[in-house]
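To start, the structure itself, in structure tokens.
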Amino acid sequence: MTFRKEDFTRAGLLLLAMMVFAYPAFAAEQEDVNLQGKRIAAIKIEGNVTLTRAQVLAKVRARAGETFDRSTAAEDARRIAEVDGVEYSYYNASPQDGQVLLTYVVVEKNLVRALEFPGSDKISENRLSAELAFKQGDYLDLFLVNNGRQAIEDLYHKRGYVFTEITVDREKLEVGQVFYKIEEGPRVKVKEVNFVGNEALTDKELDKGIKTRTRALMLWPVYYKEDVAEEDVAKLTAAYQDRGYLDVQVTKSVEFSENRKKAYVTFTIDEGPKYTVGEVSITGNEYFTDAELQTENLKLMPGQSYSEERSDFDARKIQYHYREIGFINATVDQKRSFGDGGTVDVEFQVTEGDRFRIGKVNISGNEAVKGKVIRRILDEEEFTPGKWYDADAARGNGQGQLENTVKRLALTESTFIQPTGDAADHRDANVNVVESRTGSIMFGAGVASNTGLIGQVTLDQRNFDLFDYPDSFSEFITGQAFKGAGQRFKASFLPGTEESSFSVTFTEPYLYDKPLALDFAASGFTRVQEAYDENRLKGYIGLEKRYADDWRRGIAFRVENISVDDLEPDAPVEIRDVKGDNGLLGVKAFIRKDTTDNRFLPTSGYHFDAGYEQVGGDHNFGIVSATQRWYKTLHEDLAERKTVLETKIKAGAIVGDAPPFERFYAGGTGSLRGFEYRGVSPRGLQTNVANPEYEDPIGSDWLLIGSAEVAVPLTSDVFSWLFFVDTGAVETGGVRASVGTGLQILLPQWFGPVPMRFELAAPLAKDETDDTQAFSFSVGALF
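Residues -27 to -1, 1 to 756 (mature numbering (1 follows the signal peptide of the UniProt record, and there is no 0)) are what the sequence shown spells out, left to right.
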């Protein structure tokens, strides 16, 4: 290699530059060495703007009059740099009259002196500011500024502004002004969604499983969102794999119109071969036979489409089958073998492990809820010392049935039940709860075609303790008293335009710590009926026993006064005969059972309720009644949204002679839709008129109603399209029937969703005396 003269010249200049720039640092370093050990004459603070001298000196260990130490000064500078608002810090040491002048230089962070969004038009500045982790007046942090730019851009993209670009004005940033320059671009609507290559699944089936579509609820446009489209690719892939197409490849392409306001989305699908289940075997099992495990657990059957999801489900079911009888550590592995012709042999390899009983049950995390409240729930579910440890119900991850039961009944935020210990034959159970809010004061309003407009004020404490008296007035005011025993106290006042009511209820769910519920209630009710005003005052006591098979049996007592006044001049004799106060005493025996999978949105199971009440007092009669509801999932789409069929039968009969206010009426929401509230009933003959007619309803001695309703989810479970058929009869007028459709909206609230229903129905069979109503609605109380 040869070197030219120019090369030596450049090298020399570079060496000279390095020496020039290195010399000050070297000189400073050497000067620090020379000053080491000398006395500090004074300490100066420079560069601080918002920080006071005292705030800086609080981090300094060096002191005037002490000897100078380089390491101490360096450590002081490091501590100063850690102060909030300091960008960096360093020290200078210089000689002064044979001593040392020690100076700490503070370089503070810049402040955000201005925050603006030039170019924003479609999204407000307040909404954009909410995406930022800083605000005007905070210290300027370039990391947060850049994160904010991305967050704002993502917000635009999520709202369909695909082409939005955001830049930060760097010149203004240097002086503390954060300017996000926004080029919004057009909002892009999804014009078309196409599927290419699909044969096993139709376009309609695929379209139901994705969110990228042209219309929402068949009405509103959908705007293109890249992240949603990517999620749809994953959903389509999973849908095919669940049907045996394990090698499926799904890709997405998007074309935009010339003005960039419309998107044409195409999902291209390479289905690949379909795999079917070959041989299914179980190995390693000793406690259970193959037949016992296959009969009760397996979904995979030879000849079916192979699905990893179903295979995983079967493995979990086998594992839970062991775990529910004490095999806490049982595991099930899967061995898959691919054979010729696209078959998949599956071997479930079981490792049973040892079997354990429950030892001690330890409860932790409960402060507001007494331990016995949780313990008696466990007792009712038979999770007690000496029983086989059910690790299926108590999975330890908060998702087991027992964990959910404790969560629901003890009103906890979460519940985790985990085994612990190393004994040979048992495991202790650690029950850890995270408590949630159990009391509330709620204000709201509702409206329905049956009841008119209703307001609501409710005080509800679901962890009440009748005997936890306050030790001070402050305990009472702050809600620390009357709390902890798992009882429920509720007081409600519901003023309305057509009816008003109030109620005070108390429930002890575990009387004497047994699965026995005791209820006390007092209530009042006022309703403007067709020919009179009805006012009720009632006291109630109920006792209900719960059984392990989900049955509940009970007895209830009521004492009630019903006042009938403000009669219309033409009110029928049946109403006039009960004018004034009517005292009733009732004793009711009842049974009920609920096997539904969800108390708010059931998709399977049934609810049965039946009883007989004998009533005495000013009137003597009996009431027998029964209601049964069934729920069945008809279809589950690719997005796991369920189409649910609900069928209902309601029957009732009067034994003896009951007054009109205790008889049966049909019509309205929850009854016969297409008819007015109480619009289906025998009619009483007018009085005090020249040509009397049968006009005002007086109630029927018996009632039979049947209905079937299908709820089809739309964009989510929140919105459902309703299709229904109602039919029923009372003692006059023959059979009535109606068909209709509607929309159900579920608004999420603290203790469960609040339903809104809008229904349109047309009577197919009616009596000439019936009052019909095409449109009905109900909006639950909103809190």
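We treat Cβ as the ideally placed atom computed from N, Cα and C, and that holds for glycine.
### Task
Look at the Cβ atom of Ala639, then the Cβ atom of Gly701, and state whether they are nearer than 8 angstroms.
Result yes, Cβ atoms of Ala639 and Gly701 sit closer than 8 angstroms.
### Query
Do the region 239 to 246 and the region 219 to 229 make contact, defined as three or more Cβ pairs closer than 8 angstroms?
Counting Cβ pairs under 8 angstroms, three or more are found: they touch.
### Message
Ile347 and Ala402 - do their beta-carbons sit closer together than 8 angstroms?
### Response
Not closer than 8 angstroms, so no.
### Query
Taking Cβ to Cβ, would you say Ala684 is nearer than 8 angstroms to Gln717?
The Cβ atoms of Ala684 and Gln717 sit closer than 8 angstroms to each other.
### Task
Report the partner residues of Ser711 according to the DSSP bridge assignment.
Ser711 is bridged to Asp699, Pro736.
### Message
Taking the beta strand (DSSP E) that Asn405 belongs to, which residues open and close that run?
### Response
Looking at the DSSP string, the run of the beta strand (DSSP E) that includes Asn405 is 399 to 408.
#### Entry: Neighbourhood of Leu219 by C-beta, 6 angstroms cutoff - its chain only, sequence neighbours within 5 removed
Tyr248.
### Task
Confirm, please, whether the CB-CB distance from Ala37 to Thr45 is below 8 angstroms.
Not a contact, by the Cβ cut-off of 8 angstroms.
### Task
Can you give me the Cβ contacts of Tyr129 inside the same chain, cut-off strictly under 6 angstroms, excluding the 5 residues immediately before and after it?
For Tyr129, where only same-chain residues beyond five positions count, the Cβ hits under 6 angstroms are Thr137.
### Query
Among all the DSSP beta bridges, which residues are the ones paired with Ile627?
Beta-bridge pairing links Ile627 to Ile596.
### Uninterrupted beta strand (DSSP E) stretches inside the region 68 to 94 (no shorter than 3 residues)
Runs found: 72 to 81, 87 to 89.
#### Entry: Residue range of the unbroken alpha helix (DSSP H) whose run includes Glu282
Per DSSP, the unbroken alpha helix (DSSP H) holding Glu282 starts and ends at 281 to 296.
### Task
Check whether the region 478 to 495 touches the region 450 to 465, counting contact only when three or more Cβ pairs, one atom from each stretch, lie closer than 8 angstroms.
Yes: at least three Cβ pairs fall under 8 angstroms.
### Task
Whole angstroms is fine: what's the gap from residue 764's alpha carbon to Gly553's?
Limits of the chain in this structure are -27 at one end and 756 at the other, which puts residue 764 out of reach.
### Query
Are Asp506 and Asp538 touching if we call contact CB-CB under 8 angstroms?
Contact: yes.
### Task
Name the two residues that bound the continuous alpha helix (DSSP H) containing Tyr129.
Start and end: 115 to 131.
#### Entry: Neighbourhood of Arg328 by C-beta distance below 6 angstroms, restricted to the same chain and skipping five residues each side
Correct list, in chain order: Gly299, Phe300.
### Task
Let me know if Val546 comes out buried or exposed under the rule of 16 or more other beta-carbons within 10 Å of its beta-carbon.
Classification for Val546: exposed.
### Query
If we call anything under 8 angstroms between Cβ atoms a contact, is Val588 one with Thr606?
No.
### Query
Cα-Cα, which of Lys272, Gly121, Ala66, His294 is closest to Asp287?
It is Lys272 whose Cα lies nearest to the Cα of Asp287.
### Query
How big is the Cα-Cα spacing for Ala663 and Asp674?
Ala663 and Asp674: Cα-Cα distance of roughly 29 angstroms.
#### Entry: Cα-Cα separation, Glu165 to Thr714
Each residue's Cα considered, the two are about 28 angstroms apart.
### Task
Check the C-beta distance from Val712 over to Ala738 and give it rounded, since I have them as a contact under 8 angstroms.
Val712 to Ala738, Cβ: 11 angstroms. No contact.
#### Entry: Under the three-state DSSP convention, the category Tyr579 falls into
Tyr579: strand per DSSP, three-state reduction.
### Task
Under 6 angstroms Cβ to Cβ from Lys621, same chain only, skipping five residues before and after it: list those, please.
Excluding five sequence positions before and after Lys621, the CB atoms of its chain that fall closer than 6 angstroms to its own CB belong to Arg602, Ser680, given in chain order.
### Message
Does the structure place the region 198 to 207 close enough to the region 176 to 190 that three or more beta carbon pairs sit under 8 angstroms?
### Response
Contact annotation: the region 176 to 190 touches the region 198 to 207, with at least three C-beta pairs closer than 8 angstroms.
### Query
When the Cα atoms are used, what is the spatial distance from Glu704 to Leu676?
Taking the straight line joining both Cα atoms gives about 7 angstroms.
### Query
Does the pairing of the region 372 to 388 with the region 338 to 356 give three or more beta-carbon distances under 8 angstroms?
For the pair of segments examined, the region 372 to 388 was found to touch the region 338 to 356: the number of CB pairs separated by less than 8 angstroms reaches three.
### Task
Quick one: residues in its chain with C-beta nearer than 6 angstroms to the C-beta of Asp215, no 5 flanking neighbours on either side, listed in chain order?
Result list for Asp215: Ser280, Glu282, in chain order.
### Assigned exposure category for Thr175 - 16 Cβ within 10 Å defines buried
By the neighbour-count rule (16 or more Cβ atoms within 10 Å), Thr175 is not buried but exposed.
### At least 3 beta-carbon pairs within less than 8 angstroms: the region 248 to 265 vs the region 309 to 328
Three or more Cβ pairs drawn from the region 248 to 265 and the region 309 to 328 lie within less than 8 angstroms of each other, which places the two stretches in contact.
### Query
Going along the chain, which residues of its own chain have a beta-carbon closer than 8 angstroms to the beta-carbon of Lys234, five neighbours each way excluded?
Sequence-distant partners of Lys234 (beyond 5 residues in either direction) whose C-beta falls short of 8 angstroms from its own C-beta, in its chain, are Pro159, Arg160, Val161, Lys162.
### Query
Count the other CB atoms within 10 Å of the CB of Leu720; is the residue buried (16 or more) or exposed (fewer)?
Under this definition Leu720 is an exposed residue.
### Query
Which term fits Ile514, buried or exposed, when burial requires 16 or more other beta carbons within 10 angstroms of its beta carbon?
Flag for Ile514 reads exposed.
### Query
Can you give the Cα-Cα distance for Gln267 and Ser310, rounded to whole angstroms?
Taking the straight line from one Cα to the other gives about 19 angstroms.
### Query
DSSP on Gly344, reduced to helix/strand/coil?
The DSSP-derived three-state label of Gly344 is helix.
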